[in-house]
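Peer 1: One structure is given below, represented as structure tokens, and several questions about it will come after.
Protein chains in written order, with this note's numbering: chain A, 996 to 1144; chain B, -8 to 895.
Shown next as structure tokens:
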């Protein structure tokens, strides 16, 4: 997969969808293309968050530790981003991500993403919009969950 | 050292000075004779005096002089020669005298030059010898750069002067006196004129030069202070940057340079003023000769020959006079310099030479207890660090010194190591005062390591073994030319009062490390490195450096086996994808195009990095392979994409670290180049521009950069070009590149690259770590672990060891102390740069390692954390310079004292 295809993939990630292609290309170029075999770990719960990952191909599981061992809480499909929360909040990883099949990802380093956000406010606004959107969905879900109780 | 330079010189060189004096006096004879000749030639054969009749003859070589008090003395009656023959004979004698005088001069100059250099060597050695014997407190006040500049620069003029110290006044004085005497003999009154002028010079010039000496002293002091400051800036560069004080430093240096300029300019002004006056006086004399002498000739009271002889003799007077005055100036100058230096080097309480005397045999073990008796120590400001402490450390016991912040345990450790001297009280070993024991005992039977580590700029190995180099135990053997050279070295050393110890001898004291020779020393080294947990770091250094194949032959010999083992292991663990190996007939996608083309390691500058594209042979190979145009177009595409990506970013942007093709500074240049070349056909592009563009493609790695520029056709062309490149490699490039060969070790590449013999894939984030641990495993399995450790030990630690981390430096210091297996091991917060977990681990290892093979040294350990004291026989607690508790860990824990408080 070439740089320009990666840009296409990034455009389909909601978080980046409103950002102009030239910036996405720079983001892709400065990110690392990484592949994992099935069962390999991208990062573990509790690790320090140093990068976000965009799934280019393959599938990955999101696992959360519990008393009875790890529980799978979600599945990642191509074009999804994972790990961005830990980057933006400076927190440790809230879950473990494990490749479920052979997996190709774009690893976006924390300092690179933050630097880009600082330099291109339009990109930051776009990202804030997506995150706010996500928050309103989550809030709605929460209200649903509360009222269903 | 002698306070007077003249006495110092006389003391060490009297024989030589006397010899050279004799030679100089001898040289006066032909010198004087050459004065008389011009007069003889002009008056005799040329003017025809005494050759009145044709065929008249005159005696030749009749030696007779009008000496004062004796009248005429005749030595030889001579041959009878006619006028022409006399002219030739006299002229030939003149020539002969010129040659003889020249030869004398040559011998004298060579002799005194050598004499001066020997004395310079002696002075420098004496000074450094003194530095080695200065008491510890001296070094708190002196800047190292100032000492260095004194030893190197300030005594330098002394070397030039020493040869002239006694010779010059005799030689020049003799010459001047000869010339003077000759003038007086020719004509008394002309002589008196010259004498008066000379007298004025002698009295006036030195007086004017007094100011020069004062200025010279100031120049010396300011220059010394300048080098001290420059040294300080270099040592404290971190502090300068951290506090943004670089401009303060600039101001300080500029001010100093301004002062130095002012002094030097003053000096020049005076110097030229004095020179002018001196020259003027010298020129006045001939003026008087021409006027008065001419007048006397006209009057007929002086013949022309006499006047010519006086003038020609006078020609030789100002020279020696001027040089004599210069000599006097130099004498005062170097005397001042010498005094300045000697004052700096005259320190109270210099350590006696016997303390540091060379001792070949190892001293007996220190079996007596080490005791501090009513010991008081103060810092430079006079604050008490230790107040009348008494403490006895018995052989074989391990003592932890626990201290509050102002406790003073560190001062005690430094006193045990003799790094600071007691203000009152003393430290004894048995009945001997510790300060009076020779260093041969304390330096071999005791060891000291502290948090303040000093490493020399040498390899790790040299630094580690430094503690074993007490004496040249096994002399180096020489033969042939080397033996002659060695004999010469010894002779010269002795003549200059230097020791003839040979740095090439084997100085390592194997026995004290528990080894018998070079072959089993490594075991001991490995053990102490393991004990301080430094082996892994050194192995990493070894992997990242290129091995010296003359020493590490085994690594090279078994490289094929190693590579095969790595492949097998990777396959076995299902990790084959991690490394893409180099294969002579295949393109390696994880390597750059440049690496694929060259397929070897550049061993010289000709084919390295940017020079590759510009190399004419390499360019011709690309042309033949039909790659030149392809790579140019590829370079254009890369330039376009890169500029599109990066042009908007500021040059210091961190993204540029990701950019392998060009640096941030080059972007504008490539931008204009791209504009210029965009629509130009390939044929119209200059060689230089082609290389500039093509070189971009050399850094391209498809999986990493993902521009989609690599096709199968291109890859096969690259492989073909690679083979072509090596087929016709011109002789001058044979040594510039080492071709990758699966069966050969590549000397120019790192050990890691050699073992891998391939490239680690870019798309496995933790591949480098995994591969490194696999490589270690394999090296261990194949028994090459020691060899790799050995390669790592070649690593140069840099100035003051700064290429190592502070933790590594401290570990190395402890390893060095441990290696000589002392009777008393003093450790003064030795591992403070490490975290507590590692400190505990190293401490435990060190306690174990020091007890290997039935050794039981006494260990005094100033601990950074009271909890560490648990592992020691005895715990001594200090508070405010006093010893407050002393007992076993249990008893102190049971008590309710300071130790308990510190622990909680």
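Heads up, the beta-carbon is just placed ideally off N, CA and C, and yes, glycines get one too.
With residue 419 (chain B) as the anchor, note down where its beta strand (DSSP E) starts and where it stops.
Peer 2: Residue numbering aside, residue 419 (chain B) sits at position 428 when the second chain is read from its first letter. From DSSP, the beta strand (DSSP E) with residue 419 (chain B) extends over 415 to 420.
Peer 1: So that I know if they touch, is there some Cβ in chain B lying closer than 8 Å to that of residue 1029 (chain A)?
Peer 2: For this step, residue 1029 (chain A) is matched to residue 34 along the first chain. It does: the Cβ of residue 1029 (chain A) has a partner Cβ on chain B nearer than 8 Å.
Peer 1: Using a beta-carbon distance cut-off of less than 7 Å, what residues from the stretch 788 to 811 of chain B approach chain A?
Peer 2: Against chain A - using a Cβ distance shorter than 7 Å - the stretch 788 to 811 of chain B contributes no residues.
Peer 1: State the Cα-Cα distance for the pair residue 285 (chain B) and residue 300 (chain B), rounded to the nearest angstrom.
Peer 2: Numbered from 1 along the second chain, position 294 holds the residue referred to as residue 285 (chain B). Numbered from 1 along the second chain, position 309 holds the residue referred to as residue 300 (chain B). Near 13 Å, if we compare the C-alpha coordinates of residue 300 (chain B) and residue 285 (chain B).
Peer 1: Does any CB atom of chain B fall closer than 8 Å to the CB of residue 1021 (chain A)?
Peer 2: Residue numbering aside, residue 1021 (chain A) sits at position 26 when the first chain is read from its first letter. Chain B, which has a Cβ nearer than 8 Å to the Cβ of residue 1021 (chain A), makes this yes.
Peer 1: If we cut at 8 Å on Cβ distances, does residue 755 (chain B) have a partner in chain A?
Peer 2: For this step, residue 755 (chain B) is matched to residue 764 along the second chain. For residue 755 (chain B), the answer is yes, since a Cβ of chain A falls inside 8 Å of its Cβ.
Peer 1: Out of B:186, B:194, B:230 and B:250, state which residue places its alpha-carbon closest to the alpha-carbon of residue 206 (chain B).
Peer 2: Taking the second chain and counting its residues from 1, one reaches residue 206 (chain B) at position 215. The option with the nearest alpha carbon to residue 206 (chain B) is B:250.
Peer 1: Alpha carbon to alpha carbon, how far is residue 368 (chain B) from residue 897 (chain B)? Give it in angstroms, no decimals.
Peer 2: In the structure as shown, chain B begins at -8 and stops at 895. Residue 897 (chain B) is therefore absent and cannot be evaluated.
Peer 1: Quick check on residue 529 (chain B): buried or exposed, where buried means 16 or more other Cβ atoms within 10 Å of its Cβ?
Peer 2: Translated into the one-based positions of the second chain, residue 529 (chain B) becomes position 538. By the 10 Å Cβ count, residue 529 (chain B) comes out buried.
Peer 1: Kindly indicate the opening and closing residues of the alpha helix (DSSP H) around residue 1048 (chain A).
Peer 2: If you number the first chain from 1, residue 1048 (chain A) lands on position 53. It is not in any alpha helix (DSSP H) - residue 1048 (chain A) instead sits in the beta strand (DSSP E) that spans 1046 to 1052.
Peer 1: Considering only residues of the same chain and omitting the five flanking positions on each side of residue 850 (chain B), which have a CB-CB separation below 6 Å?
Peer 2: As a working note, residue 850 (chain B) is residue 859 in the second chain. Result list for residue 850 (chain B): 389 and 816, in chain order.
Peer 1: Per DSSP, which one or two residues make a beta bridge with residue 72 (chain B)?
Peer 2: Walking along the second chain from the start, residue 72 (chain B) turns up at place 81. Residue 72 (chain B) pairs with B:49.
Peer 1: So, at 7 Å on beta carbons, what are the nonlocal neighbours of residue 376 (chain B) in its own chain, with the 5 sequence-adjacent residues on each side left out?
Peer 2: Along the second chain, read from residue 1 onward, the residue named residue 376 (chain B) stands at position 385. So the qualifying residues of the chain are 368, 369, 370, 399, 402 and 872.
Peer 1: Could you work out which residues of chain B lie near residue 1119 (chain A), taking near to mean beta carbons separated by less than 7 Å?
Peer 2: For the purposes of this step, residue 1119 (chain A) is taken as the residue at position 124 of the first chain. Chain B residues near residue 1119 (chain A): none, gap ~16 Å exceeds 7 Å.
Peer 1: Roughly how many whole angstroms lie between the Cα atoms of residue 99 (chain B) and residue 7 (chain B)?
Peer 2: For the purposes of this step, residue 99 (chain B) is taken as residue 108 along the second chain, with counting starting at 1. For the purposes of this step, residue 7 (chain B) is taken as residue 16 along the second chain, with counting starting at 1. Spanning the two alpha carbons is a distance of roughly 11 Å.
Peer 1: Pairing CB atoms from the stretch 531 to 543 of chain B with CB atoms from the stretch 739 to 747 of chain B, are three or more of them under 8 Å?
Peer 2: Enough Cβ pairs lie closer than 8 Å, so yes.
Peer 1: Please list, in chain order, the residues of the stretch 410 to 421 of chain B that have any C-beta partner in chain A closer than 8 Å.
Peer 2: Against chain A - using a Cβ distance shorter than 8 Å - the stretch 410 to 421 of chain B contributes no residues.
Peer 1: Output, in sequence order along the chain, the residues in the stretch 1100 to 1112 of chain A whose CB is closer than 8 Å to any CB in chain B.
Peer 2: Flagged, chain order: 1102, 1106, 1107 and 1110.
Peer 1: Can you name the residues that DSSP bridges to residue 957 (chain B)?
Peer 2: With chain B covering -8 to 895 only, the question about residue 957 (chain B) has no answer from this structure.
Peer 1: For the beta strand (DSSP E) containing residue 1029 (chain A), list its first residue and its last residue.
Peer 2: Position 34 of the first chain, counting from 1, holds the residue named residue 1029 (chain A). Note, residue 1029 (chain A): beta strand (DSSP E), 1027 to 1031.
Peer 1: Within 10 angstroms of the Cβ of residue 527 (chain B), are there 16 or more other Cβ atoms? Answer buried if so, exposed if not.
Peer 2: In the second chain, the residue the question calls residue 527 (chain B) occupies position 536. Residue 527 (chain B) should be labelled exposed.
Peer 1: Rounded to whole angstroms, what is the Cα-Cα separation between residue 40 (chain B) and residue 73 (chain B)?
Peer 2: For the purposes of this step, residue 40 (chain B) is identified with residue 49 of the second chain, where counting begins at 1. For the purposes of this step, residue 73 (chain B) is identified with residue 82 of the second chain, where counting begins at 1. Computed Cα separation, rounded: 12 Å.
Peer 1: Which residues in chain B have a C-beta closer than 7 Å to the C-beta of residue 1025 (chain A)? List them in chain order.
Peer 2: Position 30 of the first chain, counted from the first residue, corresponds to residue 1025 (chain A). Chain B residues near residue 1025 (chain A): 646 and 649.
Peer 1: Please list the residues of the stretch 690 to 702 of chain B that have a C-beta atom closer than 8 Å to any C-beta atom in chain A, keeping them in chain order.
Peer 2: Of all residues in the stretch 690 to 702 of chain B, 694, 695, 696, 697, 698 and 699 have a Cβ within less than 8 Å of some Cβ in chain A.
Peer 1: Does the stretch 762 to 777 of chain B come within contact of the stretch 1046 to 1063 of chain A, defined as at least 3 CB pairs closer than 8 Å?
Peer 2: Touching, no, given that fewer than three Cβ pairs across the two stretches are closer than 8 Å.
Peer 1: On the criterion of 16 or more Cβ atoms from any shown chain inside 10 Å, does residue 282 (chain B) qualify as buried, or is it exposed?
Peer 2: For the purposes of this step, residue 282 (chain B) is taken as the residue at position 291 of the second chain. Label assigned to residue 282 (chain B): exposed.
Peer 1: Could you check the C-alpha separation between residue 911 (chain B) and residue 460 (chain B) for me, to the nearest Å?
Peer 2: Beyond the ends of chain B as shown, which are -8 and 895, falls residue 911 (chain B); an answer cannot be given.
Peer 1: Rounded to the nearest angstrom, what separates residue 1076 (chain A) and residue 770 (chain B) at their Cα positions?
Peer 2: Your numbering for residue 1076 (chain A) matches position 81 in the first chain. Your numbering for residue 770 (chain B) matches position 779 in the second chain. Distance between the alpha carbons of residue 1076 (chain A) and residue 770 (chain B): 41 Å.
Peer 1: Below 7 Å on C-beta distance, what does residue 569 (chain B) contact in chain A?
Peer 2: In the second chain, residue 569 (chain B) corresponds to position 578, counting from 1. By Cβ distance, chain A contributes nothing, its closest Cβ being about 11 Å from residue 569 (chain B), past 7 Å.
Peer 1: Rounded to the nearest angstrom, how far is the Cβ of residue 485 (chain B) from that of residue 493 (chain B), given a contact under 8 Å?
Peer 2: Looking up residue 485 (chain B) in the second chain gives position 494. Looking up residue 493 (chain B) in the second chain gives position 502. So it is not a contact: roughly 13 Å between Cβ atoms.
Peer 1: Pick out whichever of A:1109, A:1008, A:1012 and A:1022 has its Cα sitting closest to the Cα of residue 633 (chain B).
Peer 2: As a first step, residue 633 (chain B) is located in the second chain; it is residue number 642 there, counting from the start. Of A:1109, A:1008, A:1012 and A:1022, the residue nearest in Cα terms is A:1022.
Peer 1: Listing by chain order, which chain A residues have their CB less than 7 Å from the CB of residue 636 (chain B)?
Peer 2: Position 645 of the second chain, counting from 1, holds the residue named residue 636 (chain B). Within chain A, the residues near residue 636 (chain B) are 1020, 1021 and 1024.
Peer 1: Measure the C-alpha to C-alpha separation of residue 577 (chain B) and residue 1128 (chain A) and round it to an integer number of angstroms.
Peer 2: Translated into positions along the second chain, residue 577 (chain B) becomes position 586. Translated into positions along the first chain, residue 1128 (chain A) becomes position 133. Those two C-alpha atoms are separated by around 51 Å.
Peer 1: Which one or two residues does DSSP pair with residue 149 (chain B) in a beta bridge?
Peer 2: Residue 149 (chain B) sits at position 158 when you count from the first residue of the second chain. According to DSSP, residue 149 (chain B) bridges with nothing at all.
Peer 1: So for residue 1097 (chain A), helix, strand or coil by DSSP?
Peer 2: Within the first chain, numbered from 1, the residue matching residue 1097 (chain A) stands at position 102. In the structure shown, residue 1097 (chain A) sits in coil (DSSP, three-state: anything other than H, G, I, E or B).
Peer 1: Below 8 Å, how does it come out for the stretch 341 to 357 of chain B and the stretch 174 to 186 of chain B: are there three or more Cβ pairs, yes or no?
Peer 2: The stretch 341 to 357 of chain B vs the stretch 174 to 186 of chain B: no contact.
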